[in-house]
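> Below you'll find the structure I mean.
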Amino acid sequence: MDFMTQSFDPSGKLVYSKDPEGNRLPDFSHVGYHSGEKGIPHVPVKMTLEPSQSNDTLRIQDALDKLGTLPLGEDGIRGALLLKRGVYRVAGTLTITHCGIVLRGEGSGPDDTCIIATGYDDPKYQRALISVDPQSDNLEVHIRHGYPTDQIKPIMNSRQAIMDAYVPVGSHSFEVNSASGYKPGDRIVVHRPSTADWIHSIGCDQLEPNWSEIRNARWLEDGEEAGFYYQRIGNHSKYCLLQKHDENWDDFVKRVPLSEDGKTFNLTRQWEAGDYDFHFERRIIGIEGNRITIDAPIVHSMSQEYGGGAIYHYETAGRVMEVGVENLHLISEFAAPTPGHPYGDPQETSQAENHAWYGVELKSNTENTWVRNVTGNYFGWSLVSASGKHATVQDCVSFGHASKITGGRRYTFMIDGQLNLVQRCLAYNGRHEFVTQEKTAGPNVFVDCIGFDTKAPAGPHHRYSVGTLFDNVKSEREMESRFRGKSGTGHGWAGTQTCFYNCVAPRFDVEAPPGGICWVIGSGSKDEDGSRVTPASLYYQQVQDRLGEVALDRLATKEQRKHVGKYRWVKARLKNERPPK
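Going by my numbering, the letters in the sequence shown line up with residues 300 to 880, in that order.
Structure, rendered in structure tokens:
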């Protein structure tokens with residue numbers, strides 16, 4: 300499909316072409332903190348701490364909890380906890396469980412506010428250093444990255460079927476059976492089901508077998524950890540293949556085919572109906588008769604042939620909002636200190652496992668959050684993981700990881716939710732440095748990001764992430780959105796409705812499933828190979844088209860936008876920063 304039939308209309312806005320079914324490149328501008336309609340605030344300081352030269356975990360956690368008792372302002376803000384310049388040692392996880400709290404340091408450089416995640420010799424230390432999570436225990440129905448887990452509770456009897464024969468990608472409106480119970484401003488979920496017929500049409504119920512040798516197998520009969528554990532050749536992580544409650548050995552053997560000699564088993568799991576549903580959170584902005592118009596676009600087509608779609612009202616149960624983490628330097632200890640290397644010998648980073656896994660983890664039941672100006676090093680999984688909705692992660696640097704270079708590690712900047720933005724972020728030696736995970740509901744955007752010493756491709760990783768824009772992202776490894784087939788335990792299609800816009804990588808491996816669309820626009824293997832197109836940034840242009848230049852100025856300065864894709868901010872950012880020893 301052609302990207303555009305005309306670059307700009309007379310008013311200077313982008314014009315998009317459509318294919319015969321009406322599919323078009325989506326408007327990605329609704330991502331990030333408050334959809335870009337508000338700037339990230341500078342929250343006033345309400346509490347201040349100095350480093351204690353010992354374990355600061357309880358002191359910092361107590362201050363965060365006390366902030367949570369302050370009244371919320373009309374803007375949803377309580378206040379900021381300022382950690383003064385110095386070194387803070389944290390043995391556990393700092394958890395922000397209340398709305399309106401900011402954890403702030405005095406800078407992200409090595410001589411500014413530094414938080415060290417301590418502990419490196421036990422698997423229990425694989426945790427987040429900072430977690431934004433309400434830790435609710437009473438959530439009845441949940442949604443995480445597009446399917447039920449832990450965010451929302453549908454309102455009974457509000458469900459209405461979508462009546463259109465086909466709702467194309469990029470759409471903002473559709474007809475429902477009855478709109479009488481809805482009004483502009485309502486928050487709704489748009490549900491796109493995954494039927495057996497649809498899964499069959501994209502070939503994910505007939506994935507090839509992936510036989511794996513069993514070693515170090517053990518069967519635990521009782522207790523919460525009951526299950527079949529093994530180590531897979533080539534991947535030294537332990538896996539549990541059983542549910543931890545009601546599956547016995549006989550049922551396990553039926554579900555997980557063993558070879559005749561009992562030495563290997565088939566890892567591939569065919570996709571099943573209902574497991575790949577998407578629940579897109581949207582807001583109604585207009586109603587005309589039974590036709591509903593929503594704010595952010597549909598990023599996966601819906602057709603009556605494959606189950607149609609529906610909408611419903613929902614409630615959030617204790618979702619944490621208006622929380623920020625900013626101006627910090629985060630480090631994970633990964634091994635015993637050696638002379639000149641207080642966090643572990645850098646030669647051991649590829650074997651370290653039992654230490655902090657995440658720098659900042661934005662859990663799935665979060666909304667309108669941000670992480671900015673944070674530097675990190677040695678975390679095993681990611682510096683920032685965004686699993687909620689409307690998060691902005693910007694101006695962050697990961698100097699590298701400490702972990703084995705294999706699956707389940709080094710996802711430096713990871714999106715696992717919907718309507719999230721990652722911009723001006725730098726990653727060293729990540730595997731999948733800019734990545735989405737399984738069943739990730741879009742749109743989501745990475746813009747003006749760069750990676751060095753990359754170990755694996757950037758892009759949607761596995762099991763169907765939809766609606767992701769990679770805009771001016773540069774990597775030393777290939778970028779991809781493709782059919783991964785039997786990889787892992789049956790990745791199938793990694794994603795669809797993926798767009799690589801003015802990106803730089805040695806190679807682009809891009810394909811779309813039947814009924815899907817992917818785009819490679821202005822992207823090539825070198826910075827100056829003549830492949831770039833105008834506008835310089837699709838995302839920034841879409842923001843300007845929808846909200847105007849004032850909103851755009853809140854996201855990126857004119858200088859940053861002028862040099863987007865040239866990564867001049869990298870030199871400026873690193874001028875006063877350096878990796879820890």
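The beta-carbon is built from N, C-alpha and C at its ideal position, and this holds for glycine as well. Quantities reported herein were computed from a predicted structural model and do not represent experimental measurements.
1) Is there contact between the region 456 to 475 and the region 559 to 570, where contact requires at least three CB pairs shorter than 8 angstroms?
2) Compute the beta-carbon to beta-carbon distance between VAL670 and VAL624, rounded to the nearest angstrom, for a pair I have assumed lies under 8 angstroms.
3) In terms of residues, what are the limits of the alpha helix (DSSP H) holding PHE551?
4) Can you give me the start and stop residues for the beta strand (DSSP E) that SER334 sits inside?
5) Spatial neighbours of ARG860 within its chain, please: C-beta separation below 8 angstroms, excluding the five flanking residues on both sides.
6) My assumption, with CB atoms under 8 angstroms, is that HIS471 sits in contact with HIS689. Please give the rounded CB distance.
7) For CYS748, which residues of its own chain have a beta-carbon under 6 angstroms away from its beta-carbon, when the five flanking residues on both sides are left out?
8) For ASP747, which of helix, strand or coil comes out of DSSP?
9) Run the CB neighbour count on LEU357, radius 10 Å, all protein chains shown included, and call it buried at 16 or more, exposed below.
10) Can you tell me which of the three DSSP states HIS578 falls into?
11) Which residues does DSSP pair with ASN653 in a beta bridge?
12) My guess is that SER430 and GLU660 are in contact by the Cβ rule of under 8 angstroms, so how many angstroms apart are they, rounded?
13) Please identify the residue among ARG853, SER824 and ILE816 whose C-alpha is closest to the C-alpha of ASN322.
14) Is TRP548 close to the ligand SAH? I mean its beta-carbon at under 7 angstroms from any heavy atom of the ligand.
15) Output the boundary residues of the beta strand (DSSP E) element that contains THR394.
16) Pair every Cβ in the region 549 to 565 with every Cβ in the region 480 to 495, then say whether three or more of these pairs are closer than 8 angstroms.
17) Restricting to runs no shorter than 3 residues, where is the beta strand (DSSP E) found entirely within the region 800 to 838?
18) Note down the Cα distance separating SER780 from ALA726, rounded to an integer number of angstroms.
19) Pull up the distance between the alpha-carbon of ILE583 and that of PHE327, whole angstroms please.
20) Whole angstroms are fine: how far does the CA of LEU768 sit from the CA of TYR866?
21) Could you have a look at HIS628 and say whether DSSP puts it in helix, strand or coil?
22) Quick check on DSSP: helix, strand or coil for ASP420?
23) If we count the other Cβ atoms within 10 Å of its Cβ and call it buried at 16 or more, is TRP680 buried or exposed?
24) Quick one: give me the first and last residue of the beta strand (DSSP E) that GLN693 is part of.
25) Indicate whether the contact test is met: 3 or more Cβ pairs, each with one atom in the region 400 to 420 and one in the region 372 to 392, closer than 8 angstroms.
26) Would you identify the three-state DSSP class for TRP497, choosing helix, strand or coil?
27) Which residue marks the beginning of the alpha helix (DSSP H) containing GLN360, and which one marks its end?
28) Over what stretch of residues does the beta strand (DSSP E) that includes VAL765 continue unbroken?
29) Skipping 5 residues on each side, what residues in its chain have a beta carbon closer than 6 angstroms to that of LYS337?
30) Here's a check: name, in chain order, each residue in its chain whose Cβ is nearer than 6 angstroms to the Cβ of ARG491, leaving out the five neighbours to either side.
31) Go ahead and pull the three-state DSSP assignment for TRP868.
32) Can you tell me where the alpha helix (DSSP H) holding ARG853 begins and where it ends?
33) Please state the DSSP three-state secondary structure of VAL660.
34) Helix or strand or just coil, what does DSSP make of TYR387?
35) Check ARG403 in the structure and name its three-state DSSP category.
36) Can you tell me whether DSSP reads LEU718 as helix, strand or coil?
If we stick to the structure as given:
1) Contact check between the region 456 to 475 and the region 559 to 570: fewer than three CB pairs, one atom from each, fall below 8 angstroms, which does not count as touching.
2) By a beta-carbon distance limit of 8 angstroms, VAL670 contacts VAL624. Their separation comes to about 5 angstroms.
3) Annotation for PHE551: the continuous alpha helix (DSSP H) segment containing it runs 548 to 554.
4) Counting along the chain, no beta strand (DSSP E) covers SER334, and no H or E run does either.
5) If we look at ARG860 and ignore the five residues flanking it on each side, its Cβ neighbours are ALA835, SER836, TYR839 and LEU851.
6) Rounded to the nearest angstrom, the Cβ distance from HIS471 to HIS689 is 18 angstroms, too far for a contact under 8 angstroms.
7) The residues are CYS724, PHE733 and VAL772.
8) Note: ASP747 maps to strand in three-state DSSP.
9) Counting Cβ neighbours within 10 Å, LEU357 comes out exposed, since fewer than 16 surround it.
10) HIS578 falls in the strand class under three-state DSSP.
11) Its beta-bridge partners do not exist; DSSP assigns none.
12) Contact holds; Cβ gap of about 5 angstroms.
13) Restricting attention to ARG853, SER824 and ILE816, the CA atom closest to the CA of ASN322 is found in ILE816.
14) As for the ligand SAH, it is missing from this structure, which has no ligand bound.
15) For THR394, the enclosing beta strand (DSSP E) has its first and last residue at 393 to 395.
16) They do not touch, by the three-pair rule.
17) Runs found: 807 to 809 and 818 to 820.
18) The alpha-carbon atoms of SER780 and ALA726 are separated by roughly 20 angstroms.
19) Cα to Cα, the separation comes out at about 17 angstroms.
20) Near 18 angstroms, if we compare the C-alpha coordinates of LEU768 and TYR866.
21) The answer is strand: DSSP assigns HIS628 an E or B state.
22) Coil, per DSSP.
23) Burial check for TRP680: the Cβ neighbour count within 10 Å reaches 16 or more, so the residue is buried.
24) First-last of the beta strand (DSSP E) with GLN693: 688 to 693.
25) Judged by Cβ distances under 8 angstroms, the region 400 to 420 makes contact with the region 372 to 392, as three or more pairs qualify.
26) DSSP places TRP497 in helix when its eight states are reduced to three.
27) DSSP places GLN360 in the uninterrupted alpha helix (DSSP H) bounded by 356 to 366.
28) 764 to 773 is the span of the beta strand (DSSP E), which, as asked, contains VAL765.
29) If the five residues before and after LYS337 are omitted, its C-beta is found closer than 6 angstroms to no C-beta atom of its own chain.
30) So the qualifying residues of the chain are PHE577, HIS599, MET601 and GLY608.
31) TRP868 falls in the helix class under three-state DSSP.
32) Boundaries of the alpha helix (DSSP H) harbouring ARG853: 848 to 854, taken from the DSSP string.
33) Per the sequence presented here, residue 660 reads as Glu, with Val not at that position. In the displayed model, GLU660 falls within a strand according to three-state DSSP.
34) Here TYR387 sits in strand by DSSP.
35) ARG403: strand per DSSP, three-state reduction.
36) LEU718: coil per DSSP, three-state reduction.
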